[in-house]
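Working notes, structure below.
2 protein chains.
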Amino acid sequence: MRLTQEQLEQYQENGFLLLDSLLDGHEVDRLRTAFQRDCDTPGPHRIVEEGGAAVRAVYSSHQRQAEYSRLVRDPRVLAPVQQLLTDDVYVYQFKINAKPAFGGEKWAWHQDFLAWQISDNLPAPAQVNVAVFLDDVTEFNGPVIFLPGSHREGLAHEGRKSEVKSEQHLDPDDISLPPQRLAELVDRHGMTSPKGPAGSVVLFSPEIVHGSAPNMSPFARRLLIVTYNEVSNLPSWRGEPRPDYVVCRDSAPLAPLDGTFLDDLEEVAV
Amino acid sequence: MRLTQEQLEQYQENGFLLLDSLLDGHEVDRLRTAFQRDCDTPGPHRIVEEGGAAVRAVYSSHQRQAEYSRLVRDPRVLAPVQQLLTDDVYVYQFKINAKPAFGGEKWAWHQDFLAWQISDNLPAPAQVNVAVFLDDVTEFNGPVIFLPGSHREGLAHEGRKSEVKSEQHLDPDDISLPPQRLAELVDRHGMTSPKGPAGSVVLFSPEIVHGSAPNMSPFARRLLIVTYNEVSNLPSWRGEPRPDYVVCRDSAPLAPLDGTFLDDLEEVAV
Chain A
0 MRLTQEQLEQ YQENGFLLLD SLLDGHEVDR LRTAFQRDCD TPGPHRIVEE
50 GGAAVRAVYS SHQRQAEYSR LVRDPRVLAP VQQLLTDDVY VYQFKINAKP
100 AFGGEKWAWH QDFLAWQISD NLPAPAQVNV AVFLDDVTEF NGPVIFLPGS
150 HREGLAHEGR KSEVKSEQHL DPDDISLPPQ RLAELVDRHG MTSPKGPAGS
200 VVLFSPEIVH GSAPNMSPFA RRLLIVTYNE VSNLPSWRGE PRPDYVVCRD
250 SAPLAPLDGT FLDDLEEVAV
Chain B
0 MRLTQEQLEQ YQENGFLLLD SLLDGHEVDR LRTAFQRDCD TPGPHRIVEE
50 GGAAVRAVYS SHQRQAEYSR LVRDPRVLAP VQQLLTDDVY VYQFKINAKP
100 AFGGEKWAWH QDFLAWQISD NLPAPAQVNV AVFLDDVTEF NGPVIFLPGS
150 HREGLAHEGR KSEVKSEQHL DPDDISLPPQ RLAELVDRHG MTSPKGPAGS
200 VVLFSPEIVH GSAPNMSPFA RRLLIVTYNE VSNLPSWRGE PRPDYVVCRD
250 SAPLAPLDGT FLDDLEEVAV
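Protein chains in written order, with numbering that gives the first Met the number 0: chain A, 0 to 269; chain B, 0 to 269.
Here you go:
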């Protein structure tokens with residue numbers, strides 16, 4: 000699949016692009032099963048709820064689960080990313096977040112690239128984020144909220160670099176926009192949040208200002224975010240690098256599969 | 000103004016009814032000015048932010064501000080309430096809530112009537128709530144979320160009556176629905192949240208299950224809620240009654256004004 004000229008222009012203009020129902024119900028089922036399998040696999044890639052049994056997030060499932068190792072090369076996902084970037088790409092970060100019912104702390108308004116610049120010394124904002132809805136996303140279950148067009152202004156503030164140490168998770172306060180700055184940006188750009196059925200996909204810029212509301216619904220909401228980075232734009236660390244399940248080290252260029260991610264997996268029992 | 004048969008049926012069916020842009024921009028301006036005037040009036044009716052200068056809510060402004068004393072008798076508001084109830088009505092509670100930017104704690108899912116039964120020993124759910132938008136309400140600034148039709152099941156649980164003492168504000172935990180119960184209700188009824196420009200009005204049942212999301216926007220959002228109660232359905236207290244600015248004691252039947260709430264106020268300087 001290739002993006003149309005109109006879709007490319009929408010992405011450049013707004014900083015994000017919704018591809019409604021890109022994956023079908025069967026494909027979503029398979030991805031959910033693989034997510035659960037990865038949740039059941041012990042290891043540091045799992046982020047567990049405080050004091051709890053529930054897994055809140057997993058990293059780098061594409062390194063363990065065939066469905067995801069293939070999904071990141073599915074041409075419906077990879078080809079649009081290649082269109083939006085210049086150089087070859089690899090997976091810089093892979094995360095599935097299960098936002099719990101009745102909460103899931105809201106994530107302060109921020110720009111991803113600032114976090115990666117601070118944490119990983121990433122040279123340029125040469126990334127595309129691909130968000131894959133593993134559940135329906137509605138206004139009630141903590142959708143991501145964008146300020147459309149805000150990516151065109153570059154980084155809106157500097158963050159708190161000096162106080163930040165290398166760690167797995169940045170403190171949102173280190174990178175969150177000051178309220179007055181955000182108010183200016185909302186005045187100029189407004190707010191919007193793409194929604195859609197499970198299987199929908201949102202491509203978004205590493206420089207777009209975004210936040211996300213808490214999940215007010217009684218059901219968890221699973222969201223995959225794959226970040227592709229250009230192979231010529233590698234991170235480097237002054238101190239201790241972040242773990243390799245958080246920042247992937249395999250920067251070999253990805254090539255699209257011939258078919259879809261399930262094509263060679265159909266015989267595998269679900 | 001009278002509700003049409005279709006509107007009456009919508010209210011009975013869904014437990015709420017949106018009246019889009021019922022008040023015009025000039026009227027909203029006057030109400031905002033009167034709200035600010037009441038915020039500047041010292042007294043226990045003002046709920047102030049923790050450690051702060053900002054007023055988060057005011058009670059019973061209709062006892063001090065002419066705009067509000069007349070608004071509660073404006074026929075566009077009072078006549079629909081009279082249609083929905085049987086007996087004469089009075090104002091049981093009047094509150095304007097300014098939900099602060101970037102937060103405003105989310106209010107747990109609950110039914111108003113349970114709170115009033117516990118706090119004020121109110122005999123029957125013979126009330127109508129009238130919410131007046133003093134700012135535009137969007138999906139981003141903490142709209143009220145309803146489970147449409149949930150009022151038809153009556154009270155969904157009993158709350159924690161025994162532990163509750165008489166106080167101005169109920170602890171949301173005393174009346175909030177258990178997660179499993181809410182999940183069942185959401186499965187059956189879904190979720191919806193009426194939105195609209197400032198001046199819009201939502202009528203809603205004291206038995207409808209509702210919650211409200213935090214305000215993710217950088218601007219405060221002001222919402223007036225007037226609760227009308229039937230004059231034959233008065234509260235009584237076993238212990239200390241709640242203060243009279245929270246639970247109004249004047250239960251004389253209200254009669255609609257001849258004109259709109261501003262008709263006799265237009266000469267007053269804003």
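Virtual Cβ for every residue (Gly too), placed ideally from N, Cα, C. Keep in mind that this is a model prediction, so the values were computed, not measured.
Under 9 Å from the C-beta of G148/B: neighbouring residues of chain D: Looking at the structure shown, chain D is missing, and the protein chains on hand are A and B.
Positions along the segment 214–226 of chain B whose CB lies within less than 8 Å of some CB in chain A: M215, S216, P217, F218
Inter-residue spacing [alpha-carbon to alpha-carbon] between V90/A and L84/A: Distance between the alpha carbons of V90/A and L84/A: 13 Å.
Residue environment, H44/A, which counts as buried when at least 16 other CB atoms sit within 10 Å: buried
Minimum Cβ-Cβ distance from E138/A to chain B less than 9 Å: yes
Anticipated Cβ contact below 8 Å, L133/A with L222/A, distance rounded: 6 Å
Amino acids of chain A, ordered along the chain, whose beta-carbon sits closer than 7 Å to that of V185/B: Per Cβ cutoff of 7 Å: S216, P217.
Partners in chain B for I144/A, counting only beta-carbon separations shorter than 7 Å: F139, M215
Cβ-Cβ distance between H150/B and Q110/B below 9 Å: Closer than 9 Å, so yes.
Beta-carbon contacts of Q9/A that lie in its chain and below 8 Å, excluding the five residues immediately before and after: L16
E239/B to T191/A span [Cα, whole Å]: 47 Å
Positions along the segment 180–211 of chain A whose CB lies within less than 8 Å of some CB in chain B: L181, A182, V185, M190, S192, G210
Presumed contact (8 Å Cβ cut-off) between V136/B and R220/B, rounded CB distance: 7 Å
Interface flag, F132/A vs chain B, CB-CB below 9 Å: no
Whole-number beta carbon distance between G195/B and S20/B, since they are thought to touch under 8 Å: 7 Å
Simplified DSSP assignment, three categories, for L229/A: Reading off the sequence shown, one finds Glu at residue 229/A, where the question assumed Leu. Strand at E229/A.
Secondary structure of A33/A, DSSP reduced to three states: helix
Under 9 Å between C-beta atoms of E229/A and A125/A: yes
Bridge partner(s) assigned by DSSP for L18/B: In the DSSP output, where bridge partners are listed per residue, L18/B has V200/B.
Cα-Cα separation, E26/B to F203/B: 22 Å
Per-residue burial, P41/B [other beta carbons within 10 Å of its own, 16 or more giving buried]: exposed
Min CB distance A52/A to chain B below 9 Å: no
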